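These protein sequence lines are chains R and W, in that order.
For the numbering used here, count along the first sequence from 1 and bump the result up by 29.
Read in the numbering used here, the second sequence has 41 at position 47, and its numbers run on one by one without any break.
Yeah, the Cβ is synthetic: ideal placement off N, Cα and C, and Gly gets one too.
Quantities reported herein were computed from a predicted structural model and do not represent experimental measurements.
To start, the structure under review is shown below, and the notes come after it.
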Amino acid sequence: MWIADLPPFIPFYIAALLALFVSGKARYLLLLAPIWGGLNLFFTHSYDSIVTVPLVIFDLQLMQVDKLSLMFGYLFHIAGLLALIYSVHVDDKLQQSTGLLYAGSALGAVFAGDWVTVFIFWEMLALTSVFLIWARRTQTARLAGLRYLVIQVLSGVLLLIGALMLYQQTGSLDVGYIGLDSAASWLVFIALGIKCAFPFMHTWLTDAYPMATPTGTVFLSAFTTKVAVYALARTFAGEELLVYIGAAMTCFPIFYAVIENDLRKVLAYSLINQLGFMVCGIGIGTALALNGAVAHAFNDVIFKGLLFMTMGAVLHRVGHVNGSDLGGLYKSMPKTTVFCIVGAASISAFPLFSGFVSKSMVMAAMIEAGHEYLWLMLLFASAGVFHHAGIKIPYFAFFHHDSGLRVKEAPTNMLIAMGIASVLCIAIGSYPQLMYQLLPWENSYVPYDVTHTLTQLQLLFFSALAFVWLNKQGLYPPELRSVNLDMEWFYRRLFPITGAWVSYRLATLRDWSKSQIDAAVHRLPSYNEHDGTTAAELTRRMAILLVVMVFIALLAQIF
Amino acid sequence: MSEQKQEADFFDKPNNVNWILRVFYAICVILVVLDFVVHRHIYVSFEEIPAFYALYGFVACVVLVVIAKEMRKVLMRKEDYYEPLEQELLDTRKNDTPHGEEKH
Chain R
30 MWIADLPPFI PFYIAALLAL FVSGKARYLL LLAPIWGGLN LFFTHSYDSI VTVPLVIFDL
90 QLMQVDKLSL MFGYLFHIAG LLALIYSVHV DDKLQQSTGL LYAGSALGAV FAGDWVTVFI
150 FWEMLALTSV FLIWARRTQT ARLAGLRYLV IQVLSGVLLL IGALMLYQQT GSLDVGYIGL
210 DSAASWLVFI ALGIKCAFPF MHTWLTDAYP MATPTGTVFL SAFTTKVAVY ALARTFAGEE
270 LLVYIGAAMT CFPIFYAVIE NDLRKVLAYS LINQLGFMVC GIGIGTALAL NGAVAHAFND
330 VIFKGLLFMT MGAVLHRVGH VNGSDLGGLY KSMPKTTVFC IVGAASISAF PLFSGFVSKS
390 MVMAAMIEAG HEYLWLMLLF ASAGVFHHAG IKIPYFAFFH HDSGLRVKEA PTNMLIAMGI
450 ASVLCIAIGS YPQLMYQLLP WENSYVPYDV THTLTQLQLL FFSALAFVWL NKQGLYPPEL
510 RSVNLDMEWF YRRLFPITGA WVSYRLATLR DWSKSQIDAA VHRLPSYNEH DGTTAAELTR
570 RMAILLVVMV FIALLAQIF
Chain W
-5 MSEQKQEADF FDKPNNVNWI LRVFYAICVI LVVLDFVVHR HIYVSFEEIP AFYALYGFVA
55 CVVLVVIAKE MRKVLMRKED YYEPLEQELL DTRKNDTPHG EEKH
């Protein structure tokens, strides 16, 4: 029944192979991978066993279990299960298979004990997930997938170079604390930073995630960035710089989220904002902060997945998720509406919902560490999250003015996945011990006290009041069909245009120099036989040549 | 059928919406009143300001929206802003492929 010391990615990879051959109802068999795999991990894990595969020169450590990797292991099984239930109706073997491979690779990376294994799964994450974008099968998705792939593979290459340089310095490939002190550690830091969507490296996320298939984005939102958070927690815990990076990540995306029209892109920006809280927690590095970061990652996968699921359901039924053209969908998709509100309440950290019990850990740790102004930034971001993800998403999709769209409710399997995610959000929010017992570090945090509950409610209700007031005054920016420039402008606009300009200039230069040379060649006396070149003429030229060469030799002697 | 429709259009009736808003305003008032009744723990100096969280939440969101609206003036482009250039790239690639095949 159970197999001890089985690297958790294996059930997923086997199911991915199976997915290529099954269709119809048999697809439900694939659900066994996360269910059996998760239970197997739960019953058989032991902290001292290390599974290695001997290669020619060294051993790949495929499985090394501690409480940190175990927590992410459970999380990825839950996320994989939810995403699989959500996508079980999709009759596309490519998507089913790559989705499973992708989830498996995330597990592989989390349990990997050495950098080479991490690198292999790191690149597998990129190579498999890109198919979830390409599976949309449109030109724009194809290009977005390519851009995504280039950046992701680059991250992997940097990681490998950094890890090999570390090996040269320390003689060890084991994944452990690094700390920013050498060029090698900076390379690893940037590699992780790309996957974690640090500012200026974040546009792969907001560019590609909204382009993926309705079900693909649910997979995407769960794994890549959380693997990066896991890796950061393991290697750079307590790195002061991360606190500032994280604080920036919580704030800048919410401005974009307010003016973005594509509601899945709004969620992508809000994903960066949530990652910011985790990165802050890792940067502070105390037990409370790290627990907060990990707990928030756990909750974020579920509630952000839930929100992407509801928007995916809208995309599936309506064909787009542009806020400007939606509205009034609560009439035809009431269940999806309720699930969306649960997700919105969770991400906004309403009491009794999951965000409340994890985000506040990071906030509390921020105060303990003495970062009062950064704490204000995080508080600003918390209010902003409620504004754009908590209110904007449900309001513009399901309420607002009636767009006249009359569609069917989401398919049953989608509703089941959203239902399970909603139950988890409320269960963790109401009984935080469910999740707290998995936390890797010692934990004594109590989320529910009068001060915390009251202040959080004040913050949220008055953010909502601001929304109501701005709307009544007509000050709220309307949803407009538009694109907002972000860092991607550099590689989607500036570089191609500059490249085209440079190559145009070079081509002109080439043509011009070619014509000049041609002209010069023409001007040279020609040596056709008809010219009647005489011996005297030839001798004269040889004499000139000799003089020139002597002169050059002389110069060479002098200098 | 018509009954169902009546029920479904709950939010279309201004009366219902007004009631919801009234309840919402009432809760806001209660939350501020509670701030003076309940003894909050103070961890940061800012928190000593009465109803700090309520004020901060409101001001933060207004500032957020005002700045975001200003950002639109600089950053907003047409929906197909990137498309012409990328279409061109695709076209050149399409033109390239048959060339390449001919050579082989």
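In the structure shown, D203 of chain R adopts extended strand secondary structure according to DSSP, grouped into three states.
Beta-bridge partners of T81 of chain R (DSSP): R:Q90. The same chain holds no residue with a CB closer than 8 Å to that of K72 of chain W once the five nearest residues on each side in sequence are set aside. In this structure, A410 of chain R keeps its C-beta atom at 8 Å or more from the C-beta atom of N290 of chain R.
In the structure shown, D34 of chain R adopts coil according to DSSP, grouped into three states.
When 9 Å is used as the limit between beta carbons, K72 of chain W is near these residues of chain R: R510, S511 and V512, in chain order.
Per DSSP, the beta bridge partners of M70 of chain W are R:N513. Residues of the region 522 to 534 of chain R with a Cβ closer than 9 Å to any Cβ of chain W, in chain order: R522, P525, I526 and A529.
Interface residue (Cβ-Cβ distance to chain R less than 8 Å): K63 of chain W is classified as such. Beta-bridge partners assigned by DSSP to N351 of chain R: R:D291. The secondary-structure analysis by DSSP pairs D547 of chain R with nothing; it has no beta-bridge partner.
Between M230 of chain R and the set R:L494, R:S184, R:L193 and R:A426, the nearest pair of CA atoms involves R:S184.
V17 of chain W is positioned such that its CB atom lies no closer than 8 Å to that of Y505 of chain R. DSSP lists no bridge partner for D95 of chain R. E42 of chain W counts as exposed, since fewer than 16 other beta carbons sit within 10 angstroms of its beta carbon. If you check each beta-carbon in the region 203 to 223 of chain R against every beta-carbon of chain W, none falls closer than 9 Å. When CB distances to chain W are screened at a threshold of 9 Å, the residues of the region 468 to 479 of chain R falling below it are D478 and V479, in chain order.
When the beta-carbon positions are compared, M390 of chain R and A276 of chain R stay at least 8 Å from each other. A straight line joining the alpha-carbon of V139 of chain R with that of W151 of chain R spans about 10 Å. The continuous alpha helix (DSSP H) containing I445 of chain R extends over residues T441 to S459. Between I162 of chain R and A108 of chain R, the gap from beta carbon to beta carbon reaches 8 Å or more.
The beta carbon of D431 of chain R falls within 8 Å of a beta carbon belonging to chain W, placing the residue at that interface.
By the Cβ rule, the region 495 to 503 of chain R does not count as touching the region 209 to 223 of chain R, because fewer than three pairs are nearer than 8 Å.
Bridge pairing for D143 of chain R: R:D203 [DSSP].
Its chain contains V159, I162 and W163 as the residues whose beta carbon lies nearer than 6 Å to that of G174 of chain R, once the 5 sequence neighbours on both sides are disregarded; these appear in chain order. Annotated three-state conformation of L381 of chain R is coil, per DSSP. For the pair of segments examined, the region 243 to 250 of chain R was found not to touch the region 187 to 207 of chain R: the number of CB pairs separated by less than 8 Å stays below three.
Within 10 angstroms of the beta-carbon of I331 of chain R lie 16 or more other beta-carbons, which makes it buried. The closest CA to that of P440 of chain R, considering only R:Q90, R:H345, R:T254 and R:W31, is found on R:H345. Going by DSSP, A565 of chain R is part of the alpha helix (DSSP H) stretching over A564 to I587. A Cβ-Cβ separation of about 4 Å places A324 of chain R in contact with S387 of chain R under the 8 Å criterion. Residue burial annotation: D143 of chain R is buried, with at least 16 other C-beta atoms found within 10 angstroms of its C-beta. Cβ neighbours of A155 of chain R within its own chain (closer than 7 Å, five residues either side excluded): L178, Q181, V182 and G185. Shown here for S353 of chain R: same chain residues with a beta carbon closer than 7 Å to its own, the five before and five after excluded, namely N290, E508, L509 and R510 in chain order. Around the beta carbon of G433 of chain R, fewer than 16 other beta carbons sit within 10 angstroms, so the residue counts as exposed. Taking 8 Å as the cut-off, the beta carbon of V371 of chain R is found closer than this to the beta carbon of C454 of chain R.
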